[in-house]
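See below for the structure under consideration.
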Ligand SMILES: [Zn+2]
C-alpha cells in the first residue's frame, strides 16, 4: 500500500468551473465514494488489480454545466497520479500489445477517414497539411503519410514521440502551434482526457486554415449519463456503460450536443460531410459482417448527427 505523506503533492484537483465554456453554474449528476463497491470492482477489473492506492474519503463527482451541458468529473488526477495511471495501472498499452488487437477492419476504417479527407479537399495529397494531435502510436499519421499527405503530430508521451519520429513522422510542440497552418487536424480519443478541453479546442481552431476541418472523436457518454441521472450507480452500470465516464481517465463526458457546443464556443461549426464522398472513401463492402456497418455509419453519424464523431470546420 502506497501512503501519501503530508508533504507529497495532492493526487486530485477540483474543477470548480466548466472546463468547456468556463461557466461556474453546474448541477451534480452523480456523486459516489471512490471506495464504493461498484467503483472498486471497476478499478479492480479495468486495471487488473494494479491499483495500490486507497481513495477513501474522496468521491467521484460528475457535474453538468448549465450553460453548455458538458458533463465533467470534478475531482481529476494531478500530474503525479496521471503518470502512475498511464505508466503503472493500465495494462498492455505498449505498441506491440496495441498492434496485436488491430485487424484489417481497423486499418480500412483509418484508410477511409484519410480518403474522405482527401476527397473533401480535392487537392493533391502532398499539398494537404495535416496534424495528428495526441497521436498515440501514430496510426492515423502513418496512414495519412502513406497516402502522401504532409503530416506531423503532437503528443505528450515521450516513448510515443520517439516511436513516431523513428517511422518518419515529424513531431511539433503542442503549445506552439502556428496559426492558420493546417487543412486538417485529427483528434482520436483525446478530448475526453483533457483538463481544459475548451482552451485546447480554441488553440487547435486557431491552427486551422479557414475552411479547414478538425475531427473530434470521443466516447459517447449519453447512455451512462441517463442511467446515473435516473438514480443508478457504478454497481448497476456495465463495463461498457462506465467506459465513457471512467473515473480518472475520461474526465470529460460528451454527447453530440455538448460536443457541438464546445465547437461553437471555439468558433467552429459541425459540417455535414458529403455522403457521396464518405461512401467513395469506404471499402470492404463485400464482407458480410462489415457491409451493413459501412452502409449505416455515414448516415447515423453525419446525416442525422447524434454521434460523438464530428467534423468541425473553421468558417472561411
Ligand atoms: Zn460549460
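Residue numbers (our numbering): 788 to 1103. From the three backbone atoms N, C-alpha and C, an ideal C-beta is built for every residue, glycine too. The model shown is predicted, which means the values in this text are computed figures rather than measured ones.
Where the alpha helix (DSSP H) containing residue i begins and where it ends
i	result
residue 1074	Segment: none, residue 1074 is in no alpha helix (DSSP H) and carries neither H nor E.
residue 1055	Here residue 1055 belongs to no alpha helix (DSSP H), and DSSP marks it neither H nor E.
residue 832	824–833
residue 1026	1026–1029
residue 946	945–953
residue 1013	1009–1016
residue 1087	That residue, residue 1087, is in no alpha helix (DSSP H); it is neither H nor E in DSSP.
residue 1065	1062–1067
Burial state of residue i, where buried means 16 or more other Cβ atoms lie within 10 Å
i	result
residue 1038	buried
residue 803	exposed
residue 941	buried
residue 1093	exposed
residue 962	exposed
residue 858	buried
residue 790	Note that residue 790 has pLDDT 49, beneath the 50 cutoff, so the model's placement of it is unreliable and no number is given.
residue 992	buried
residue 1103	exposed
residue 814	exposed
residue 1069	buried
residue 1078	exposed
residue 1018	exposed
residue 865	exposed
residue 914	exposed
residue 923	buried
residue 977	buried
residue 1083	exposed
residue 1075	exposed
residue 1004	buried
C-alpha gap between residue i and residue j, whole angstroms
i	j	result
residue 867	residue 842	15 angstroms
residue 892	residue 1071	8 angstroms
residue 979	residue 1073	34 angstroms
residue 1036	residue 955	30 angstroms
residue 1085	residue 972	20 angstroms
residue 895	residue 920	20 angstroms
residue 1063	residue 907	10 angstroms
residue 957	residue 983	25 angstroms
residue 1097	residue 1052	15 angstroms
residue 825	residue 1015	13 angstroms
residue 812	residue 964	32 angstroms
residue 860	residue 1028	16 angstroms
residue 876	residue 829	13 angstroms
residue 788	residue 835	Unreliable positioning characterises residue 788 in this predicted model, as indicated by a pLDDT of 43, which lies under 50. The coordinate reading is nonetheless provided below. Roughly 16 angstroms between the two C-alpha positions.
residue 939	residue 1020	42 angstroms
residue 994	residue 967	5 angstroms
residue 1060	residue 912	19 angstroms
residue 916	residue 898	17 angstroms
residue 1106	residue 928	It is not possible to answer for residue 1106, since the shown part of the chain is limited to 788 through 1103.
residue 796	residue 1095	35 angstroms
residue 933	residue 1057	27 angstroms
residue 903	residue 1055	20 angstroms
residue 808	residue 884	37 angstroms
Residue range of the unbroken beta strand (DSSP E) whose run includes residue i
i	result
residue 920	916–920
residue 859	858–860
residue 966	Residue 966 -> no beta strand (DSSP E), and no H or E assigned at all.
residue 985	Where residue 985 is concerned, there is no enclosing beta strand (DSSP E), although the alpha helix (DSSP H) it sits in stretches over 984–994.
residue 818	813–820
Min CB distance residue i to chain B below 8 angstroms
i	result
residue 947	Here there is only one protein chain, and chain B is not present.
Quiz item: In the stretch 868–940, which residue ranges form an unbroken alpha helix (DSSP H) of at least 4 residues, counting only runs that do not cross its ends?
Solution: Within the stretch 868–940, the complete alpha helix (DSSP H) runs of at least 4 residues are 882–886, 891–908, 926–933.
Quiz item: Are the stretch 993–1009 and the stretch 1039–1048 in contact at 8 angstroms, needing three or more beta carbon pairs?
Solution: By the criterion of at least three beta-carbon pairs nearer than 8 angstroms, the stretch 993–1009 is in contact with the stretch 1039–1048.
Quiz item: Taking one C-beta from the stretch 836–854 and one from the stretch 804–823 each time, how about it: are there three or more such pairs within less than 8 angstroms?
Solution: As far as the Cβ criterion goes, the stretch 836–854 touches the stretch 804–823, which means the pair count is three or higher.
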